[in-house]
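Some notes on the structure that comes next.
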Amino acid sequence: MQSSITVRHAVHYTQSETMTGSALRENFLIEELFSAGGANAVYTHYDRLLLIGVMPDRAAISLGEDMARVVGGEFLLERRELGLINIGGPGIVRTDDAVFEIGFQDALYLGMGTRSISFESADPSAPAKFYINSAPAHAAFPARQIRKAEAIELNLGDGQTSNKRTLYQYIHPDVVESCQLLMGMTRLEPGSVWNTMPAHTHDRRMEAYLYFEVPKDAFVVHLMGRPEATGHLIVRDEQAVISPPWSVHCGAGTSAYAFIWSMAGDNKSFKDMDFVPMGDIR
Ligand SMILES: O=C(O)C(=O)C[C@H](O)C(=O)CO
Ligand SMILES: [Zn+2]
1 MQSSITVRHA
11 VHYTQSETMT
21 GSALRENFLI
31 EELFSAGGAN
41 AVYTHYDRLL
51 LIGVMPDRAA
61 ISLGEDMARV
71 VGGEFLLERR
81 ELGLINIGGP
91 GIVRTDDAVF
101 EIGFQDALYL
111 GMGTRSISFE
121 SADPSAPAKF
131 YINSAPAHAA
141 FPARQIRKAE
151 AIELNLGDGQ
161 TSNKRTLYQY
171 IHPDVVESCQ
181 LLMGMTRLEP
191 GSVWNTMPAH
201 THDRRMEAYL
211 YFEVPKDAFV
221 VHLMGRPEAT
231 GHLIVRDEQA
241 VISPPWSVHC
251 GAGTSAYAFI
261 WSMAGDNKSF
271 KDMDFVPMGD
281 IR
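Numbering (the numbering used here), first residue to last: 1 to 282.
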């Protein structure tokens, strides 16, 4: 099984504003989360969010001792909670006392105290791709599967401004109880390419984006940085971006695409955003 665990340190914006493009990529872009039969994890010091891509083939994959070691616990969710969305074929998640069948674009929330977690693909020729986020927790909330139809659906943007999109809130206070994790998905309409416009920051929470369904040879130009000093990352299919609390997080693709956003930090108020006047973006 090919697996990796890497650590990303927090960066002050004064440092990020002196970085070359490749240094920005090293610090804020995750190029490979999904590898066949493996689990790849990135532990970021921004709100200690853990991003993991699990893609089982024939054998089940467990999040075992190596993950527990990274968080300094006896097991991964000893003092953490976890959310996931499957962006691949049908998959199965087994926990201490339950089995969840997770279809394409379905989500699962697992609470603090869940000891054993393993992942399988229902059909190894169409492997599941579990995109997982885990954050520190202070209370144990029950596990809950959230199918796409159960997520809150918001229709945003306009074709005239090339940002018509549908946003789905899966792990959100009106859907499922969590300690600090928020998680959802945004899908651009064909012909629309801009996400998250007007841009915003939220100094109270960090955010991560996993871009997917980016066609081969297409890419997303993801804008990051303070609004008055943005830089960019060229992002390909199934790559993730770590967005610090001080950073805008928005982008334009060379075609339509989808992405999973997740947040951890001081509040769970999705609407807590500091919008940036368009004229202030530099
Ligand atoms: O399309 C959007 O707008 C988003 O997906 C916004 C993100 O969810 C976000 O940045 C929430 O803070
Ligand atoms: Zn945001």
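C-beta: ideal position from N, C-alpha, C; glycine also.
Just to confirm the assignment, what range does the beta strand (DSSP E) spanning residue i have?
i: L108; result: 107 to 110
i: E81; result: 80 to 86
i: E306; result: Any answer about residue 306 is impossible in this case: the structure gives the chain only from 1 up to 282.
i: E153; result: 152 to 156
i: S3; result: 3 to 8
i: T114; result: Segment: none, T114 is in no beta strand (DSSP E) and carries neither H nor E.
i: A135; result: 130 to 136
i: M224; result: 220 to 225
Do residue j and residue i come within 9 Å of each other at the CB atom, strictly closer than that value?
i: M273; j: L181; result: no
i: G73; j: M55; result: no
i: R48; j: F75; result: no
i: I61; j: F119; result: yes
i: T201; j: R226; result: yes
i: S178; j: V214; result: no
i: F141; j: Y168; result: no
i: P90; j: D66; result: no
i: M224; j: L233; result: yes
i: L29; j: S134; result: no
i: T44; j: V71; result: no
i: G184; j: F130; result: no
DSSP three-state label for residue i, please.
i: M278; result: helix
i: G159; result: helix
i: T230; result: coil
i: A39; result: strand
i: F28; result: helix
i: G103; result: coil
i: G21; result: helix
My guess is that residue i and residue j are in contact by the Cβ rule of under 8 Å, so how many angstroms apart are they, rounded?
i: I260; j: I85; result: 5 Å
i: P173; j: K268; result: 5 Å
i: E153; j: V175; result: Going by Cβ atoms, the distance from E153 to V175 rounds to 11 Å, so no, they are not a contact pair.
Note the first and the last residue of the continuous alpha helix (DSSP H) segment covering residue i.
i: V71; result: 65 to 71
i: L49; result: Element bounds for L49: n/a, residue is neither H nor E.
i: S16; result: 13 to 16
For this session: Note down, one range per segment and in chain order, each beta strand (DSSP E) of at least 3 residues found wholly within the stretch 234 to 273.
Result: 239 to 243, 248 to 253, 258 to 265
Problem set entry | beta strand (DSSP E) runs contained entirely in the stretch 171 to 204, provided each spans 3 or more residues | 182 to 188
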